[in-house]
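Trainee: Numbering (our numbering) for the sequence shown: 50 to 1273. From the three backbone atoms N, C-alpha and C, an ideal C-beta is built for every residue, glycine too. The structure follows.
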Amino acid sequence: MRVMLALAIAPSRPEVTWSSNDLCCTSSYLVLHGDPAFAQLLLNIAEAHVNHCRHPHSCRTDMANLDFLKVVLRQKVAATATALSVKQPLSDTQYSAGFDILVRDSSYRDFIIPQLSQLLSPLFNSRNHISVLEIGPGPKSVLGYLPLCLRQKIRRYTAFESNGLFATRVEEWLCSTLETESPLPCLESPANIRRIPFILNSNRGSGTDNSTSDSDEKFDVVLFCHSMYGLRPKDRFIEQALDMLVEQPQGGVVVVFHRDGALYLDGLVCHRMASYPTGTVRVADDDEVLDKFATFVAGYAMQDREANKAIRDEWREVCRTLGRREEAHPDHLLFHSPSVMLAFTQHATALPELTAQVPLVKDKMVKNREALLHRPAAVVRPTEIRHVQQCVQWALKHGVGLAVIGGGHSGHCLWPNVVSVDMGGLDQLHILLGGEDGGEADPDFDSLVVAEAGCKTGDIIRKTMTAGVTVPLGSRPSVGAGLWLQGGIGHLARLYGLACDAIVGAVVVSVGSGEVLCIGRVPSQHRPAGAVRPENEIDLLWAMKGAGTNFGIVVSVTFKAYMAPVYSTRDWVVPLSDNLEARLKLSHFDEFVARKLPRNCSADAYLYWDSGQLHLGVTMFESSTTKLTSETPMSTPLPVGTVLGPEGNFKAVNGVGLFEAEMYMSKMHGGHGGSKTSSFKRCLFLKGIGAVSIANSLVTAIMNRPTPFCYLHLLQGGGAITDVAGDTTAFGCRDWDFACVVTGVWLRNQDGTEVAQAAKQWVYDVAGDLLPLSSGAYSADLGPDPRDAALAAKAFGPNRPRLARLKHSVDPRNVLAYACPLPKTPMEQKLIILVTGESGAGKDYCADIWASVFTTCAHKSLTARAVSISHVTKREYAAHTGANLNRLLRDRAYKEQHRPALTSFFQDQVRHRPQLLQEHFLNVAYGAVDVEVLLITGMRDEAPVAALSHLVPDSRVLEIRVEASEETRRARRGCHGDDGRDNDNNKGNKIGRLNLTALDYRPSLIFDNDATGDEAAKKLAEQYLLPFFHEDLQRLASMVRSVPDFPRSGIDFRHVLDISQQPGGLALCTSLLQSHFTGDWAKVDVVACCEAGGFVYAAALALRVDVPLALIREAGKLPPPTVSVLKSTSHISSSASNDSKAKRIEMDRDLIPRGASVVVVDDVLATGKTLCAVLQLLEKASINAEDIRVFVVVEFPVHRGREFLRRHGFGRVNIQSLLVFGGA
């Protein structure tokens, strides 16, 4: 591998990832430092890869990767070779010293450990005994950093480690002592560390000392974490590891972590693949450290002492030249170190079964040249629908994913060691004018176009134009079905809408069953024999219109057709003297040109650098059904020339000619269309590009471009795009003025180099800067690259939860794993308890007690687990600093000693990864899918229920804050005397007496943990937690009827009021409201409710607990005097009606006395708008928030109602809900 650990064994021939960028800059350095011969050598290499004469700006220095560093180090030796330059292999000590530097890199903390935990959890949870073989573990096995619940399952551990120092260290590390527990605490026998290399079976036979394994030795997991480097051929070693997996039960896995570049494996199909393209190695800029590091990367040292000393001096300078420095760490050098993870099962060799049925493509060319650098396991090209079905059935049988090739523009249409299905063999186009669709003519649109998934946009436009019709597709002729299904932004979008809006039907092969599905309107003559209409047809058609690549392999799409127009185009190129002029010109273009255009016109803008100057280019497109000439006045209320100056040229073109009218094809940088360039794009949706913050970001992006060809393309939106509501189709991002396409461009012969990587990273950096200013991201570009995750989170607007549920339903095996990422599949409903409190309060102790109460419950068999979310941070901190992880997890005094540094480390992580808490929470939650109760300690967030519950909308989330006096907490922390953290206000707090002024929210429950023993903790669990699993609550949940597509299509309505219409329903509900109340009914003065749903349950409850009722009604329904406030429409009301006007609600002015204790009862909590108005009304009536509790029958966390209430000042109101549902 140029791999994980460039490391280990020096290869006989280096595998090179060339970067002409690095080579040119390095050679410049060497000329300056008196080594022109070596400089010329590097320049010769560079010139073999790229001609920089025309584009000197592309020589910007970026971070070199380890593979390139190794090449330069070795070439340095070759350039200065003498008679004394005899190389010698690294000793175990030298290798160990370099390895210790490398393993501190970010990939372990951020990639290897999380990916391994996620991959192995299902396997480990399905078995009680796990056996592991690790190849080259190094001084510590990465398995020791997995969650304890996984490590406890490992009962047998074997490793091959040929480095004697490492073998000794890992053996000692895995042994238990009186002070520390073994990282693998449940081994049934001592770890078997074999101090020999792992070799192929055919090479064995020289005695037991050289034998790698007994023939009958089998394992559940075989792990290559560091050492595929030097193992050749790699596919043979993986096949040998596959033979060593247990045969029964099936499910064993071979896991490979690989550094720097793709693994080239001959036809092996991976079960799962993940990448970490942003990995870095940080090396201290210290002579001694650099000597160890450079020697390790080069893979050898010099035999002669003087020669070795001389070359080390040279190597240090090479490292300092190629390494990048950051302001935050000026005394360190950074090197790029991307990694991948590949997981293989016993099905990895099943490819011949597929290629025997479906035609194989040997030399596949796709439009995206970066994708060509990936090495797919195979590319197959179906020519019949049954071939597509066979692909799906094969994938389901063997538990692997598929990638799909449409137009080939996507960077993930080819993916390493994954089978790609090329739909190019299904490329028929059918045009059905009025009355030709099998007798199903619709007066709204009589003409249809049926396009098979292999059709390209250019072919469709060309053929439909001859029939006088068109479809509003994208602006490039070579794009395919992936664009139509995920949006499709073209020059007719303002007039007719997006391409996905024109979709009225589709033929799809289900990735859940392999069946052929007919969805929506498909002309009868184009329905395949045997096709069925699925029960969820409405949902699938909705999803196809904006997210279709995730929900099946689309065979054909039926479009609504429109009359074909002709077009005129006009260009302007405006040189910009400075940043201020650029911002002003963008603002004027937005305000005085773009916003004034009628729907049949659109204006595209380009921001780019050319001829030493910033430029704004604009192309105006106008469509018409009549002929246009240069004399035809533009349909604009203001002469555009007053803002942009004289236009450059005029063209009258048809739909085909329009493709070549794009400015970047003909005018920018000499015309991208004719040059040999590659590009990488991500797109975000912006409003108000003239706003200072957005304009500054756009101009700054161009000023920081890594190559001279990078540019920003702004495509105008609005018009018909915004006519469609955000939840009418899966394409939920509708409210935008411009789609900003951030485009990184480099010369084609730089594909795969650091220049290309720098351009891609620039795209992600610019997208990251624009994301907080945007109204969404375009899903068509997004794939499995982890850098896409943040963009994907904003790709579908409000539709992501619904899409996630549908994905889980129709693609349960995640066959289409390489499409735009959707949220993880919803979990089964569980109880998640967030245990919070100050250090020393006893959070972990209480969590363990509460977990034991659930697992020992006599009335119901429950599974429960207590985990600490802070363990993730502690593992990362230990890996980063070298602290003892076992002591951090188990030794309180040791943990307290590290607490300041640990806190600082966590805060630094949050600054770089703002969503860190959410990531950790989801990892913990989804890592416990096998339990019904999950207790999480170590939370560091304010109001965690409000902040996190929407992430797991099908689960109930509670917070229990554990309190203890300062004296008690000191004692538990092992502190004596004044440590500077004393706070008298915290001393002696008891249950219910938490100083809430210190918080802006109220926890679900507060527990006083000052007393010794566990009786109080058990009592709390029995009184407040176990009732959530009572059969009466389950019976109540079954009374909430689900009503699909009400009040409109796509909404799964929960009929909460139907409880009261069922025999015994109202009595059961009010009984549970009474018994589940965590307050004291004797201290409640009033039950308040708002019409209409609240009246039903509040009235019955008030009667039951004998408390007066306060009715809140719409204004005008109560006699004066009253007090009133405005109330926004509720979630369902706004869904059922277009009337979104706020209305007033009121109650009798003197009904509730000042200082009264009030319980607000309502049927649902969704967005929180109704309850917010009720609380504002009570506040207006002089009722304090601390004196109010809210109790609802059903809560829908996905709408984030608690967070809304907290933002509006009601975080300290206690909120309870009887039931929790994930739908509407």
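Residues in its own chain within less than 7 Å of D1033 by CB, not counting five upstream and five downstream?
Mentor: Low per-residue confidence applies at D1033: pLDDT is 34, beneath 50, and the placement is therefore not dependable enough to give any value.
Trainee: Buried or exposed, going by whether 16 or more other CB atoms sit within 10 Å of the CB of A146?
Mentor: By the neighbour-count rule (16 or more Cβ atoms within 10 Å), A146 is buried.
Trainee: Which first and last residues belong to the alpha helix (DSSP H) in which M351 is found?
Mentor: Note, M351: premise wrong, no alpha helix (DSSP H); beta strand (DSSP E) at Y349 to M351.
Trainee: What three-state label does DSSP hand Y867 in the structure shown?
Mentor: Coil.
Trainee: Residues bridged to E925 by DSSP?
Mentor: Paired residues: none, contrary to the question.
Trainee: Which one or two residues does DSSP pair with K609 in a beta bridge?
Mentor: DSSP output for K609 lists L497 as bridge partner(s).
Trainee: Hey, could you find the ends of the alpha helix (DSSP H) A128 is sitting in?
Mentor: First-last of the alpha helix (DSSP H) with A128: L115 to A128.
Trainee: Need the endpoints of the alpha helix (DSSP H) that C1118 sits in, please.
Mentor: G1114 to H1125 is the extent of the alpha helix (DSSP H) around C1118.
Trainee: Taking Cβ to Cβ, would you say Q996 is nearer than 8 Å to N1058?
Mentor: The amino acid occupying residue 996 in the given sequence is Ala; Gln does not appear at that position. No, the Cβ-Cβ distance between A996 and N1058 is not below 8 Å.
Trainee: List the endpoints of the continuous alpha helix (DSSP H) containing W364.
Mentor: Counting along the chain, the alpha helix (DSSP H) containing W364 begins and ends at R354 to L371.
Trainee: In the DSSP assignment, find the unbroken alpha helix (DSSP H) run with M1088 in it and report its ends.
Mentor: Per DSSP, M1088 belongs to no alpha helix (DSSP H) and is neither H nor E.
Trainee: Spell out a yes or no on whether the segment 784 to 794 and the segment 743 to 758 are touching, meaning 3 or more CB-CB pairs, one atom from each, closer than 8 Å.
Mentor: Touching, yes.
Trainee: So G460 and N417 are in contact, right, with Cβ under 8 Å, and what is the actual spacing, rounded?
Mentor: That belief holds up - the Cβ atoms of G460 and N417 are roughly 5 Å apart, short of 8 Å.
Trainee: Report buried or exposed for G1029, applying the criterion of at least 16 other Cβ atoms within 10 angstroms of its Cβ.
Mentor: Only weak support is given to the placement of G1029: the predicted model assigns it a pLDDT of 31, under 50, and the value that follows is read from those uncertain coordinates. That one is exposed.
Trainee: Among D336, R731 and N848, which has the Cα closest to the Cα of A808?
Mentor: Comparing Cα-Cα distances from A808 to each of D336, R731 and N848, the minimum goes to R731.
Trainee: Which stretch, first to last residue, makes up the beta strand (DSSP E) that contains N241?
Mentor: That run of the beta strand (DSSP E) goes N241 to R243.
Trainee: So for L296, helix, strand or coil by DSSP?
Mentor: The residue asked about is misnamed: residue 296 is Glu in this sequence, not Leu. Coil, per DSSP.
Trainee: Around the C-beta of I245, are 16 or more other C-beta atoms found within 10 angstroms, so that it is buried, or is it exposed?
Mentor: Burial call: exposed.
Trainee: What would DSSP say about A1230, mapped onto helix, strand or coil?
Mentor: Here A1230 sits in coil by DSSP.
Trainee: Should the segment 266 to 273 be regarded as contacting the segment 363 to 372, the criterion being three or more beta carbon pairs within less than 8 Å?
Mentor: Flag = no, the segment 266 to 273 and the segment 363 to 372 do not touch.
Trainee: Which residues in the same chain have their Cβ closer than 7 Å to the Cβ of A896, if we skip the five residues on either side of it in sequence?
Mentor: Taken in chain order, the residues that qualify are V884, A915, L984 and T986.
Trainee: Taking 6 Å as the limit between beta carbons, can you name the residues of its chain near R373, skipping five residues before and five after?
Mentor: Around R373: M112 and L383.
Trainee: For G1250, which residues of its own chain have a beta-carbon under 6 Å away from its beta-carbon, when the five flanking residues on both sides are left out?
Mentor: Correct list, in chain order: L1214, A1215, T1216 and G1217.
Trainee: Rounded to whole angstroms, what's the CA-CA distance from A992 to V959? Just pull it up for me.
Mentor: Approximately 17 Å, taken between the alpha carbons.
Trainee: According to DSSP, is I743 helix, strand or coil?
Mentor: DSSP places I743 in helix when its eight states are reduced to three.
Trainee: What do you reckon, are the CB atoms on V667 and W621 nearer than 8 Å?
Mentor: Cβ atoms of V667 and W621: closer than 8 Å.
Trainee: If I follow the unbroken beta strand (DSSP E) through F621, where does it start and stop?
Mentor: Looking at the sequence itself, residue 621 is Trp, so the reference to Phe does not match. It spans V615 to L625 - the beta strand (DSSP E) in which W621 sits, taken as one unbroken run.
Trainee: Of the residues R1010, L971 and E1015, which one's Cα is nearest the Cα of K1002?
Mentor: The question names Lys, yet the displayed sequence has Pro at residue 1002. Of R1010, L971 and E1015, the residue nearest in Cα terms is L971.
Trainee: Report the residue from S605, T691 and A779 whose alpha carbon sits nearest the alpha carbon of F641.
Mentor: Looking at the Cα atoms, T691 is the closest of the given residues.
Trainee: Output needed for R1256: all residues of its chain with C-beta closer than 8 Å, excluding positions within five of it in sequence on either side, in chain order.
Mentor: There are no such residues.
Trainee: Name the two residues that bound the continuous beta strand (DSSP E) containing T217.
Mentor: T217 -> not in any beta strand (DSSP E); alpha helix (DSSP H) instead, spanning G213 to W222.
Trainee: If you follow the alpha helix (DSSP H) that G1250 is part of, which residue opens it and which one closes it?
Mentor: It spans G1250 to L1254 - the alpha helix (DSSP H) in which G1250 sits, taken as one unbroken run.
Trainee: Going by C-alpha distance, which of V441, A868 and V812 is nearest E564?
Mentor: Of the candidates V441, A868 and V812, the one whose C-alpha sits nearest the C-alpha of E564 is V441.
Trainee: Apart from the five residues just before and just after I9, which ones in its own chain have a Cβ nearer than 6 Å to its Cβ?
Mentor: Outside the shown range of the chain (50 to 1273) lies residue 9, about which nothing can therefore be said.
Trainee: Starting from F469, trace the beta strand (DSSP E) in both directions and tell me its first and last residue.
Mentor: Note that residue 469 corresponds to Ser in the displayed sequence, not to Phe. Per DSSP, S469 belongs to the beta strand (DSSP E) from V468 to D471.
Trainee: Are the segment 311 to 323 and the segment 381 to 398 touching by the rule of at least three beta carbon pairs closer than 8 Å?
Mentor: With a cut-off of 8 Å, the segment 381 to 398 and the segment 311 to 323 count as touching, because enough Cβ pairs lie within range.
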